[in-house]
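Worksheet: the structure to be examined is printed underneath.
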Amino acid sequence: MSESRSNQNAATSSKSTTLSNIHQPRRRMGQNFLLLWVDTSIDQGNEDYENTLKQIRTITGDVNVFTQRDACIDFLTDAEEGITFFLIVKDTMSQEIMPLINDIPQLDDVYIFIDIKTLHEEWTKKCQKIKNVQTNIDDLCQALRIGIKQFNQDSIAMSFITTNGVVSTNDLNQLEPTFMYTQLFKEIILDMNHDEQAIRKFIAYCRHHDCGSAKNIDEFEKEYHAQSAVRWYTCPSFIYSMLNNALRTMGADIIITMGFFICHLHQQIQQLYEQQVDSYGRKSFLVYRGQGLMKSDFEKLQKTKGGLISFNNFLSTNTDIEVSLNFARCASTNSDMIGILFILSIDPCIASAPFASIEEMSYFRGEEEILFTMNTVFRVSGIKQIDNENQLYQVELQLTADDDHQLRVLTNRIREEAGGGTGWQRLGKLLLKIGQFNNVEELYNVLLEQTSDDIEKAFYYFCLGYANNNQGGYEKAIWYYETSLKIQQKTLPSDHPSLATSYSNIGNVYSSMGEYSKTLSFYEKALEIYQKTLPSNHPLLAALYNNIGGAYDSMAEYSKTFSFYEKALEIFQNTLPSNHPDLAISYNNIGSVYAQMGEYSKALSSHEKALEIEQKTLPTNHPSLAISTDADSIHHRHVHSSTTKHQRTSTDDVALKRHLGLFSGVCYIIGIIIGSGIFVSPKGVLQETQSVGLCLIIWMACGFISLLAALCFAEIGTVIPRNGAEVAYMKEGIGSVHERTGDILAYLSVWADIFTIKPATIAVLSLTFSRYFLSGIMINCGPSEELVKMLAVFIILILMNINSISVSAANRLNIVFVICKVLTMLTIAIIGFVRIGQGYTQNLKNGFADTTNKPFGVALAFYKGLFAYGGWHSLNSVTEELKNPKRNLWLSISLAVPIVIMLYVCINISYFTVMNKAELLSSNAVAVTWGEAVLGPIVRILPILISISALGSANGNLFGAARYCMVGAQYGYLPEVFACIQTQRLTPIPGVVLQALLAIMFCIPSNIYGLIDFVSFVSWIFYGLVFVATLCCKFTKKDAPRTISIPIPLIIIIILISIYLVLVPLIVSPSFVFLIAAIIILFGLVFYYPFVYLKIEFQFIRKMNLFLQLFFKLQRAQINI
1 MSESRSNQNA ATSSKSTTLS NIHQPRRRMG QNFLLLWVDT SIDQGNEDYE NTLKQIRTIT
61 GDVNVFTQRD ACIDFLTDAE EGITFFLIVK DTMSQEIMPL INDIPQLDDV YIFIDIKTLH
121 EEWTKKCQKI KNVQTNIDDL CQALRIGIKQ FNQDSIAMSF ITTNGVVSTN DLNQLEPTFM
181 YTQLFKEIIL DMNHDEQAIR KFIAYCRHHD CGSAKNIDEF EKEYHAQSAV RWYTCPSFIY
241 SMLNNALRTM GADIIITMGF FICHLHQQIQ QLYEQQVDSY GRKSFLVYRG QGLMKSDFEK
301 LQKTKGGLIS FNNFLSTNTD IEVSLNFARC ASTNSDMIGI LFILSIDPCI ASAPFASIEE
361 MSYFRGEEEI LFTMNTVFRV SGIKQIDNEN QLYQVELQLT ADDDHQLRVL TNRIREEAGG
421 GTGWQRLGKL LLKIGQFNNV EELYNVLLEQ TSDDIEKAFY YFCLGYANNN QGGYEKAIWY
481 YETSLKIQQK TLPSDHPSLA TSYSNIGNVY SSMGEYSKTL SFYEKALEIY QKTLPSNHPL
541 LAALYNNIGG AYDSMAEYSK TFSFYEKALE IFQNTLPSNH PDLAISYNNI GSVYAQMGEY
601 SKALSSHEKA LEIEQKTLPT NHPSLAISTD ADSIHHRHVH SSTTKHQRTS TDDVALKRHL
661 GLFSGVCYII GIIIGSGIFV SPKGVLQETQ SVGLCLIIWM ACGFISLLAA LCFAEIGTVI
721 PRNGAEVAYM KEGIGSVHER TGDILAYLSV WADIFTIKPA TIAVLSLTFS RYFLSGIMIN
781 CGPSEELVKM LAVFIILILM NINSISVSAA NRLNIVFVIC KVLTMLTIAI IGFVRIGQGY
841 TQNLKNGFAD TTNKPFGVAL AFYKGLFAYG GWHSLNSVTE ELKNPKRNLW LSISLAVPIV
901 IMLYVCINIS YFTVMNKAEL LSSNAVAVTW GEAVLGPIVR ILPILISISA LGSANGNLFG
961 AARYCMVGAQ YGYLPEVFAC IQTQRLTPIP GVVLQALLAI MFCIPSNIYG LIDFVSFVSW
1021 IFYGLVFVAT LCCKFTKKDA PRTISIPIPL IIIIILISIY LVLVPLIVSP SFVFLIAAII
1081 ILFGLVFYYP FVYLKIEFQF IRKMNLFLQL FFKLQRAQIN I
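Using full-length UniProt numbering, count along the sequence shown one by one with no gaps and you end on 1121.
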């Protein structure tokens, strides 16, 4: 619609209001925004209220009114994705609701409707989303019109085609799908006949799906005709938003239903163009359009300079540059957007892209609007900043003509995709191609009713079989295919190739059902026909050989599999160029058979041949390259053909499953935090503080620091919902401010965590397990260090196997461990309070006697205490495996950490009811010493329970560390094999094995306290950097979804605490441990420059990656966000 008029979405006379306490708030079909009004003082019978609503209803189709604040907030946070909200807030609640909703990303603009403006001017300036504060309804409505108009301007869909993006037409998958599909939709719809029945179907659709108010739909039914398309497109009705939202989102059902309107609107623009073209002369002229582009789209636009840009909707422009520039400037105030002033140079002689001045036809007369038909393509001739403003750019476009070489090649190739036949038949093929299988079924059923031709019926049944097969409706697919086959058998010779195609497709369905004997039966029938009717080296034969080989592969009959794959390869070698992609697929298939047979050197050789071809023929970002380099070819793949079943592509990559709910999340955090720390660290904390009172204060302070730190991690975890915690947050958080800095810090985090922090932590926990377990069974003689180390290594190997075999088993084991350790700690705590009641309080009296007077000495006590709370961030490492992470991440942390704080403080008090300071410092197993004094003969149980606690924490740490390896490899910081998971078990075996082996190495020194200092020092360096990343995201990703938002002052405080915890030990108690840590971290930079920055890859590393992936049956894991 025009940039200079109100872009209303429903007729004034046909608006509706939904009151939240009467009806459920709703969104009309086709709308991508909602207008909400929250006001606790609404009186439904009040005349002023009704008049106010009448005026607001002139802006948009529906007003959702809320009389309760919480109901409005719930509606905003629970809404489906893809909806933008505009909110009117009455002054009575504006100040209390804004802090609660300001960070909701889908909330676009807030308008305050108040009585006295000056009372609110100051605080409203602090809320970025408050766009306007008004005291009268007229000004409020005008502000809303401008805001919604701007939103519609910014929502138009575009596609970008670089100068070299489509010179080669071999693979249209490299194009943006919206460009190809809107082009096809346009050509097909314009080629079809649309009668009165199409209009009646549209009206029925609108009524059924509540697309507009009943009165508005009735008006359309009575008044619409082909010559009124422009008027209905520009008037304030549901038509504009419904059509443009469908074209933006590729809503095939709405596009098809509105096909008559698209055709009429295009034809009317075409007619107006023919009437007006002479008035332009033969001189080019300029029109303008102002709007906002998301930064990601602007980056695409910058890469498109010299290339093509397509506006996939009908395009509204203006002859007044100032009107358009105002829109661009307004968009530039949004930090996530770039304001764009498009300057379009139009040659009126280019008849292939019709446009017209619609001033006389528009609902709003007198506006200087030029409307272009949908899918108009321009060439990007220039991009430059306006007035040195970072957020405002001028983009010069030239209308393309039929003789534009790049556009002509592209258009012709796209037309080939749709094939021949009638418009409806071409549309059916397009719907199959874009996966709109529900619409396909409806379309072909209609076509079946309209035809009496057996050949057409056979084709439609065939397509219905294809659609159902792709939706998993295998029984229906077989019925449709067999119905098609019966017709073919009556009308075609017995050896016709089309019969072979049907046999082959039925075989494909049975293969999907796992019924391989039936699969082979139909493949053999197809093969018999092909062998009679086709040359021996025909590509269809090769495709069928591949499918037969795949069936035998699934039945584990590898010799037969190999035989058929070799036949297919022989045909390809004789008929295709040496670097054809189908040859690569064939080599991968043979490689997969070799791998299944255990002949890994031959498998590696086949995959290398495939990779060599793909590297020569495919772009570097093509998904097939990822398949080969990830050894995805363990799963057989098929050559593209009408007779082949679907091949496994990169879109089928396996991913870690979301198996952790809220309870599992809480257990996971508690399970990792409560490990060895509380049984080892009490001695270390008391040793540094020298007093009981300060010791207990440190324990509480450490708990609150951990809780604050964990909540900071929870916030950034909802903004960047990736596994790997620190690495992802620094890469994408700090990287959002300075990309290279974020990349280096993320790499160093991976380096430090994977090679030091994670395995050292697992080693500490395993050694603690060994020491306590052996103490429990060797009560009369303490275990030797050698025995402790041997048991620690053995238990690490057991955990490695559990975590490699099953994710669910590791999770269930963790829950069992948590129950044991919580019961153990509750027992110790309860007994302690019973003893206090009995009068055992002498060790708690004069609690601050002998407190250390070293001003910074407590830092080392904090180290010991914070190590015991280590694991508060553990759930962030497995975010991609957490159900509903936006809710469960912060909620799990908020529940788990306070529970641990309470248990830790109580258990320390319990220790002091039994031991005085000297006794506790002399104990090497604090909890066991406590048990000897309290439990008597049954004390032998306690070390076993404590060892189980440490074992559970070790298991959880190994679980998370493996995911950390995977994310590091996904970012390119580790060899590719670590980005993979086992295809059957869906476990990250490479990461599990690496962390287990490194943990075994850390067990060798067995100095637990030295390892604690080492882990704490290195950990808090990177924790501090994550807090910095959280602060960065406050500014660079301020509109990202957040279910929790930590105030900036608290983030600054936790950053300062991190700096304190890192620096003070270096000053007060310098240790060789800290020097080793610094050297290890910085040593990582030696590998960063050649292997990450320059991406140097040695041949033997690539071969090793492929070999390991083949041997362990690994595949690159999808990112699960």
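By construction, the Cβ of each residue, glycine as well, lies at the ideal position given by its N, Cα and C atoms.
How is residue 135 classed by DSSP in three states: helix, strand or coil?
-> Coil, per DSSP.
Which term fits residue 50, buried or exposed, when burial requires 16 or more other beta carbons within 10 angstroms of its beta carbon?
-> Counting Cβ neighbours within 10 Å, residue 50 comes out exposed, since fewer than 16 surround it.
Three or more C-beta pairs below 8 Å linking the region 346-359 and the region 327-334 = Touching, no.
Just tell me which of 557, 468, 571, 243 has its CA closest to the CA of residue 542.
-> The shortest C-alpha separation from residue 542 is found at 571.
Burial state of residue 850 (16 or more Cβ within 10 Å) | When all chains shown are included, residue 850 counts as exposed.
Helix, strand or coil: how does DSSP classify residue 70 here?
-> Three-state DSSP puts residue 70 in a helix.
Can you tell which of 40, 896, 688 has its C-alpha closest to the C-alpha of residue 869?
-> It is 896.
Under three-state DSSP, which class holds residue 453?
-> Residue state, collapsed to three classes: coil.
Candidates 816, 393, 871, 852, of which the one nearest residue 765 by Cα | Of the candidates 816, 393, 871, 852, the one whose C-alpha sits nearest the C-alpha of residue 765 is 871.
Through-space distance from residue 946 to residue 811, alpha-carbon basis | Their backbone Cα atoms lie some 19 Å apart in a straight line.
Residue 370 and residue 304 closer than 8 Å at C-beta = No, these two residues do not count as a Cβ contact at 8 Å.
Buried or exposed: where does residue 577 fall if 16 or more other Cβ atoms within 10 Å of its Cβ makes it buried?
-> Counting other Cβ atoms within 10 Å of its Cβ, residue 577 stays below 16 and is therefore classed as exposed.
Taking the C-alpha atoms as reference points, what is the distance between residue 353 and residue 342?
-> Between the alpha carbons of residue 353 and residue 342 lies a gap of roughly 17 Å.
Pair within 8 Å by beta-carbon distance, residue 431 and residue 252 = Cβ atoms of residue 431 and residue 252: closer than 8 Å.
Quick one: Cα of residue 1117 to Cα of residue 981, how far?
-> Distance between the alpha carbons of residue 1117 and residue 981: 6 Å.
Tell me which same chain residues have a C-beta within less than 7 Å of the C-beta of residue 483, skipping the five on either side of it?
-> Counting only Cβ-Cβ distances below 7 Å, and skipping sequence neighbours, we find 461.
Segments of 4+ residues assigned as alpha helix (DSSP H) that fall wholly inside the region 316-363 = Secondary structure within the region 316-363: the alpha helix (DSSP H) runs of 4 or more consecutive residues, fully enclosed, are 321-332 (chain order).
Spatial distance of residue 127 from residue 1036 (CA atoms) = Near 16 Å, if we compare the C-alpha coordinates of residue 1036 and residue 127.
Does DSSP put residue 313 in a helix, a strand or coil?
-> The answer is coil: DSSP assigns residue 313 none of H, G, I, E or B.
For residue 840, name the three-state secondary structure that DSSP assigns.
-> In this structure, residue 840 counts as coil in the three-state DSSP scheme.
Touching or not, the region 520-533 and the region 493-503, by the rule of three or more beta carbon pairs under 8 Å?
-> Judged by Cβ distances under 8 Å, the region 520-533 makes contact with the region 493-503, as three or more pairs qualify.
Do residue 723 and residue 963 have their C-beta atoms closer together than 8 Å?
-> At the C-beta level, residue 723 and residue 963 come within 8 Å of one another.
Residue 173 in three-state terms, based on DSSP | Reliability of the predicted coordinates at residue 173 is poor, the pLDDT of 46 falling under 50, and no value is obtained from them.
My understanding is that residue 1129 touches residue 1029, with C-beta atoms under 8 Å, so please give their C-beta distance in whole angstroms.
-> The question about residue 1129 has no answer here: the residues shown for the chain are numbered 1 through 1121.
In or out: residue 412 buried (at least 16 other Cβ within 10 Å) or exposed?
-> With fewer than 16 other Cβ atoms inside 10 Å of its own Cβ, residue 412 counts as exposed.
Would residue 769 pass as a contact of residue 843 if the rule is Cβ separation under 8 Å?
-> No Cβ-Cβ contact shorter than 8 Å links residue 769 with residue 843.
When 986, 1033, 979, 1084 are compared against residue 1106, the one with the closest alpha-carbon | If we check each option's Cα against that of residue 1106, 979 comes out closest.
At least 3 beta-carbon pairs within less than 8 Å: the region 789-809 vs the region 1047-1066 = Because the criterion of three Cβ pairs below 8 Å is not met, the region 789-809 and the region 1047-1066 do not touch.
Taking the C-alpha atoms as reference points, what is the distance between residue 591 and residue 605?
-> Whole-angstrom Cα-Cα distance: 8 Å.
Backbone CA spacing between residue 344 and residue 395 [nearest angstrom] = The straight-line gap separating the alpha-carbon atoms of residue 344 and residue 395 is approximately 8 Å.
Which class does residue 511 belong to by DSSP, given the choice of helix, strand or coil?
-> Reduced to three states, the DSSP call for residue 511 is helix.
Minimum C-alpha distance to residue 562 - residue among 152, 575, 969, 545 | Cα-wise, what sits closest to residue 562 is 545.
Take residue 453 and list the residues in its own chain whose beta-carbon comes closer than 6 Å to its own, dropping the five residues that flank it on each side.
-> Cβ within range, chain order: n/a, list empty.
Of the listed residues 666, 785, 943, 733, nearest to residue 815 (C-alpha basis) | Closest by alpha carbon: 666.
Measuring only between beta-carbons, confirm whether residue 51 sits less than 8 Å from chain B.
-> No chain B is part of this structure, which consists of one protein chain only.
Cα-Cα, which of 467, 338, 232 is closest to residue 388?
-> Comparing Cα-Cα distances from residue 388 to each of 467, 338, 232, the minimum goes to 338.
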